[in-house]
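Visitor: Shown below is the structure under consideration.
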């Protein structure tokens, strides 16, 4: 147990409930066991001596609770700000303004330079009265650092992907404007087609960035309409065949009857496009698409629709399976931002569905997503 004991200075001062009336493991009278809290908790009494130092605080500070209890707060928790100033001397919670109620969360440094997020609350018996308790919470910065690194990687990736098409667009347009009369009509057409394709690429990257923003913030909107999933898959296959892929590379199997599916047709097209593109680009052999009725991923519905896309390529290594739907995962070195499958997962889950990845019977990759029927209430 890593909380204060009755022998710690201030632990039995006037106003605290007697030890017998407190919950087990709660000598500071907090109403809960501090060791059950996910964040570090340090409590000092009105004399500035530590009476509570929970397990999370031990982990974050690497100081043992038995060494911290009874110590002056500035000794048990010697924090400094990012400019090297001693935090407790700077803020002076016991001798400073009596109208203060606490300190907002900020980055501070432990001995050795380890960064932690610290927030303090000043507990007084009455407004502007003397400080009764100083409650300090500690949080490790690693989770925030991971988020910041992820955002930085996203910005760097998108900036890198944007640079190439924008350079091409700028180069071709500048050349055409400066030397229009020197090029034949066929050369002009080729340059303009390249500019058009690169503009589409920029538009697609911006759309991906917006999708990620909406997924991360939980604001991805789903506009449900009736969707014939078999027809939607067939339309994507026809587009690949028209672009030069052999028709016999695709095998579409649609189980009938299928339940009526209500989903966002544009976003379902985005999911299908990404999964088929991955199978065509990174897989080999026949790309098989199975559309079947299945149990709904929602407990309040009986039926759903499942789409399985598989290929006969080398597949995805077992050790990479759990990273497929994360940002920046790439199955090969054939380009791409590595954001597509992350967006696919976000779209499927926004529909209340599920998506999985595994090994296909032919040893290739197999992606399977399942959507609930989600019929409007007036059709139920």
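In my numbering, the protein residues as written are -10 to 369. Note that the Cβ used here is the ideal one computed from N, Cα and C, for glycine as well. Just so you know, these numbers come straight off a predicted model, no measurement behind them.
1) Does the pairing of the stretch 97 to 106 with the stretch 62 to 80 give three or more beta-carbon distances under 8 Å?
2) Enumerate in chain order the residues of its own chain whose CB-to-CB distance from residue 88 is below 8 Å, with the five nearest sequence positions on each side excluded.
3) Do you know offhand how far residue 141's Cα is from residue 133's?
4) I'd like to check one pair, residue 223 with residue 247: are the Cβ atoms closer than 8 Å?
5) Note down the Cα distance separating residue 131 from residue 42, rounded to an integer number of angstroms.
6) Please say whether residue 272 and residue 291 have beta carbons closer to each other than 8 Å?
7) Whole angstroms is fine: what's the gap from residue 55's alpha carbon to residue 264's?
8) If you measure between the beta carbons of residue 35 and residue 121, is that distance less than 8 Å?
9) Return the CA-CA distance between residue 27 and residue 45, expressed in angstroms with no decimal places.
10) Between which two residues does the beta strand (DSSP E) harbouring residue 359 extend?
11) Measure the alpha-carbon distance for residue 408 versus residue 156 and round it to whole angstroms.
12) Considering just the uninterrupted stretch of the beta strand (DSSP E) at residue 91, what are its terminal residues?
13) Any contact of the stretch 278 to 298 with the stretch 236 to 255, i.e. 3+ C-beta pairs under 8 Å?
14) Below 8 Å, how does it come out for the stretch 303 to 310 and the stretch 341 to 350: are there three or more Cβ pairs, yes or no?
15) Please say whether residue 257 and residue 221 have beta carbons closer to each other than 8 Å?
16) By how many angstroms is the C-alpha of residue 161 removed from the C-alpha of residue 127?
17) Between the alpha carbons of residue 314 and residue 329, how many angstroms are there, rounded?
18) Could you tell me how far apart the beta carbons of residue 244 and residue 280 are, in whole angstroms, since I believe they sit closer than 8 Å?
19) Drop a sphere of 10 angstroms on the beta-carbon of residue 90, count the other beta-carbons inside from all chains shown, and report buried for 16 or more, exposed for fewer.
20) What are the boundary residues of the alpha helix (DSSP H) that residue 223 is part of?
21) Per DSSP, what kind of secondary structure is residue 204 in: helix, strand or coil?
22) Between the Cα of residue 270 and those of 37, 52, 58, 304, spot the shortest distance and give me the residue it belongs to.
23) Determine whether the beta carbon atoms of residue 62 and residue 123 lie at a separation below 8 Å.
24) Which of helix, strand or coil does DSSP assign to residue 331?
25) Do you know how far the Cα of residue 94 is from the Cα of residue 138?
26) Just how far apart, CA to CA, sit residue 333 and residue 275?
27) Quick one: grab the DSSP three-state call for residue 260.
28) Measuring straight from C-alpha to C-alpha, what distance separates residue 86 and residue 77?
29) Whose CA, out of 24, 287, 225, 254, lies closest to the CA of residue 372?
30) Need the endpoints of the alpha helix (DSSP H) that residue 376 sits in, please.
31) Which residue from 151, 165, 190, 197 puts its Cα closest to that of residue 179?
32) Ordered along the chain, which non-local residues of its own chain (more than five positions away) have a Cβ less than 6 Å from that of residue 236?
33) Just to confirm before moving on: does the CB-CB distance between residue 144 and residue 335 stay below 8 Å?
34) Kindly list the residues whose CB is nearer than 7 Å to the CB of residue 282, restricted to its own chain and excluding five residues on each side of it in sequence; keep chain order.
35) On a Cα-Cα basis, can you pick out the residue from 75, 47, 37, 33 that is closest to residue 25?
36) To the nearest angstrom, how far is it from the Cα of residue 81 to the Cα of residue 154?
Guide: Walking through what the data contain:
1) yes
2) 116, 117
3) 12 Å
4) no
5) 21 Å
6) no
7) 56 Å
8) Cβ atoms of residue 35 and residue 121: closer than 8 Å.
9) 6 Å
10) Counting along the chain, the beta strand (DSSP E) containing residue 359 begins and ends at 354 to 361.
11) Outside the modelled stretch of the chain, which goes from -10 to 369, sits residue 408, for which no answer is possible.
12) That run of the beta strand (DSSP E) goes 91 to 98.
13) yes
14) yes
15) Closer than 8 Å, so yes.
16) 55 Å
17) Note on geometry: alpha-carbon atoms of residue 314 and residue 329 lie some 8 Å from one another.
18) 7 Å
19) exposed
20) Under the DSSP assignment, residue 223 falls in the alpha helix (DSSP H) whose first and last residues are 218 to 231.
21) helix
22) Check the Cα spacing between residue 270 and each of 37, 52, 58, 304: the tightest is with 304.
23) yes
24) helix
25) Linking residue 138 to residue 94 through their CA atoms gives a straight-line distance of about 20 Å.
26) Put simply, the backbone Cα of residue 333 is about 22 Å away from that of residue 275.
27) Residue 260 falls in the helix class under three-state DSSP.
28) Each residue's Cα considered, the two are about 14 Å apart.
29) As displayed, the chain neither begins before -10 nor continues past 369, which places residue 372 out of reach and without an answer.
30) The structure shown does not extend to residue 376, since the chain is modelled only from -10 to 369, so the question has no answer here.
31) Looking at the Cα atoms, 165 is the closest of the given residues.
32) 230
33) no
34) The residues are 244, 247, 248, 292, 294.
35) 47
36) 56 Å
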